[in-house]
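Residue numbers for the sequence shown follow the working numbering, so the first one is -1 and each next one is one higher.
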Amino acid sequence: MTTRAVLRLLVLAVTALLVSWGPAAHAEDGSIAHAEAADGELRVLVDVPPDADLDLAAATATLDGDDLAASAAPAGAGAVVERIAVLVMDVSNSMDRNGRFTAAKAAATAYLEAVPRDVSVGIVTFNKDVATALEPTTDRDRARSVVEALSLGPQTKLYDGLLTAIEVAGSTGQRSLLVLSDGADTGNQTSLEDVTAAVASTNTLVDVVSLGQRGGRLEQLEDVAEAGGGRVLTANGGNLARTFEEEAEVLADQVLVTAPLPDDFAATEATIEVRIPTADDAVVASAFVPIQEATREDDTTLAAPADLSGWDTPGWLLPVGIAVLAVGALAMAVALVPARQQPLTIAERVSAYVGEQEAPGRTRRDPDQLLDQARSAASGILERNQGLQTTLDTRLGAAGSGFKPAEWLILHVGVVLIAGLLGLLLGGGSIVIGLVFLVLGAALPPLYLRWQAGRRRRAFDAALPDTLQLLSGALAAGLSLAQAVDTVVREGTDPIAGEFKRVLVEHRVGVSLEDAFDGVAARFGSRDFAWVVMAIRIQRQVGGNLGEILTTVGNTIRERHYLRRQVKTLAAEGKLSAILLCSLPPGFALFLAVTNPAYMAPLFQEALGIAMLLGAVLWLSLGVFIMTRMVRMEV
């Protein structure tokens, strides 16, 4: 025998000796899932390792160290202990990515196939609403039909869904929740502390299946599972069905251990140890657990809020209430629109002058005292803030609006309220979306006035050359400037006819024509007409043929308009590109905030998201500034 062979035999001998002297194999660990007392008997449900070769006939148990005359059997045999499992399903729109929703429905169906027949299964779904899709039942066909009918919706009210699932599971028997979620909670009424406290106080087992959560989101799920004595399982669409099947197999492998209780035993908590021999060693489950009394329903922490609420608010009440408030605010705004005054007949004028009715043009008192008070309050605000009143008066005059400043202020407030309510309605009660719509409501009325003023200014500038030609012709015919202006009032078109009528009225009360024309140029912000007024002033001071001057100015303005239209046509493509590029980011963000708030929530809830949002706003603002300067051309 060679030296190498001898050494090999020595190594084998030493290895065998070490193995023979080594310690015995450790017993496999089980866990106590539920313990209850009924009719003088202790009933314990034990979770055992899968595929364990158990000798149930040799099972033993101790209660606070005292031996019990225990017997063991599969948990489904005879269904002595009620077992309830509730599937808590995330049906938010984010589940539609990568086929997760289809995989989730297939996993729920696989769970229903694998779970023992005596286990009552309930289903709770959550998105922007929390719904009890199925009360706990052993009717598997009904459960499968409920799973197939599930549909997606916005938001993820995970914490509210967990509280509802705890209520659905009840307060007796073994209660377990299997939660499936792929996003963070977006509700604002229930906190993580509320959920963990409810789970711990009701002794409900919670296992969570996580789809893609990381960081803080995963830690929140771990807190919930830890409070319920469960665990967090990470999965994806490919292994989701197998994960659910393994959860069902845990219930299928449970063992029910029963034993008579000692006569003097009255505790509600005790240390229970169960030992079930196997072919190798034994499965041991030991824990200090609460012992539930199966003959009564325990009071839970959830019962008090239910009693205090008095009425379970239905999910449709919020949108209906917001819609009613929006309609009321809209009706109030419409009521503030001034009605057009019909011209009085000759008989009405005579009656007015003899005192039989109110004088022409005098506003009749609105019988609605609420509107009167609103107008009075708005007028008082404007009287204390003359700058605001002057600004509103100028903007309303430039836009040609028939509103008074006080009426416009009330209408503006009404639009803001309606926009905020509409945002809450579309966002399902989201405060963020409500604030966004509130800001839009505050910005829309000034933008409308500016748009209306720009429209009237463009119409004024477009008609100005023809108006100057009409003035020049009237002056050439021997009419004075005031008579020529009256000719424009009678033969011209709005808005020039209306503004020139105001010029005549001001001239008749003592204002010079040049000053009245300056008022028109200031209201419209028209530089072209400002040049016309300057030409009239110069002609009045140095003399000359005013008709020829107006003709020359009109031709010059007409040529400038032609050049301006050419430049506008050439720059149209750049302006359209700038508008699309600048409006696409905020428009798409608003669309996502309305359709999938959970996807946008990290931008407003996490520090990194807020920093990214501020950076995006900064760079977008810089881009808007640069692009507007690039496409703006003055003529």
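We put the beta carbon where it would ideally sit given N, CA and C, even for glycine. Bear in mind that the values here come from a model prediction, so they are computed numbers and not experimental data.
In this chain, A67 is not harboured by any beta strand (DSSP E), its DSSP state being neither H nor E. When rounded, the separation of the alpha-carbon atoms in E245 and G613 is 45 Å.
By the C-beta density criterion, S208 is buried, having at least 16 other C-beta atoms within 10 angstroms. As computed with DSSP, M87 is found in a beta bridge with T123 and L178.
Judged by DSSP secondary structure, S92 falls outside any beta strand (DSSP E); it is assigned neither H nor E. Here S470 carries a helix assignment [DSSP, helix/strand/coil]. A check of alpha carbon separations from A482 across T241, I577 and V501 identifies V501 as the nearest. Distances from the CA of G490 to each of F458, A31, A67 and M625 were compared; the closest alpha carbon is that of F458. When the Cα atoms are used, V282 and P152 turn out to be separated by approximately 46 Å. Boundaries for V272: no alpha helix (DSSP H) harbours it, while the beta strand (DSSP E) harbouring it runs E267 to P275, taken from the DSSP string.
In the structure shown, Q211 falls within a coil segment according to DSSP collapsed to helix, strand and coil. As computed with DSSP, H32 is found in a beta bridge with L43. Between the alpha carbons of S428 and H32 lies a gap of roughly 40 Å. For Y446 and R140, the gap between their C-alpha atoms comes out near 56 Å. In the three-state reduction of the DSSP assignment, P443 falls in the helix class, which pools H, G and I. DSSP, reduced to helix, strand and coil, places P134 within a strand of the structure shown. With respect to L611, L601 sits close: the two C-beta atoms are nearer than 9 Å. Unbroken alpha helix (DSSP H) stretches of 4 residues or longer found wholly inside the region 489 to 557: 494 to 506, 511 to 522 and 525 to 540, given in chain order.
DSSP, read as helix, strand or coil, puts A264 in coil. With contacts defined by Cβ atoms closer than 9 Å, V144 and L156 do not form a contacting pair.
For T256, the enclosing beta strand (DSSP E) starts and ends at V253 to P258. When only Cα atoms are considered, E405 and G412 end up about 11 Å apart. Secondary structure note for T194: it is in no beta strand (DSSP E), and the uninterrupted alpha helix (DSSP H) holding it is L190 to T200.
Here I121 is buried, its C-beta having at least 16 other C-beta atoms within 10 Å. Secondary structure at P288: strand, using DSSP grouped into helix, strand and coil. Within the same chain, and ignoring the five residues on either side of S377 in sequence, the residues whose Cβ sits closer than 7 Å to its Cβ are A404. In this chain, T232 is not harboured by any alpha helix (DSSP H); it is covered by the beta strand (DSSP E) spanning V230 to T232.
Contact check for G171 against E80 passes: the beta carbons are separated by less than 9 Å.
Selection V530, V78 and S29 evaluated against D37 yields V78 as nearest (Cα-Cα). Looking only at V193, S90, D88 and L61, the smallest Cα-Cα distance to D262 is reached by L61. A Cβ-Cβ contact shorter than 9 Å links L254 with A73.
Under the 10 Å beta carbon count, N186 is surrounded by fewer than 16 other beta carbons and is classified as exposed. Here DSSP, grouped into helix, strand and coil, assigns D51 to coil.
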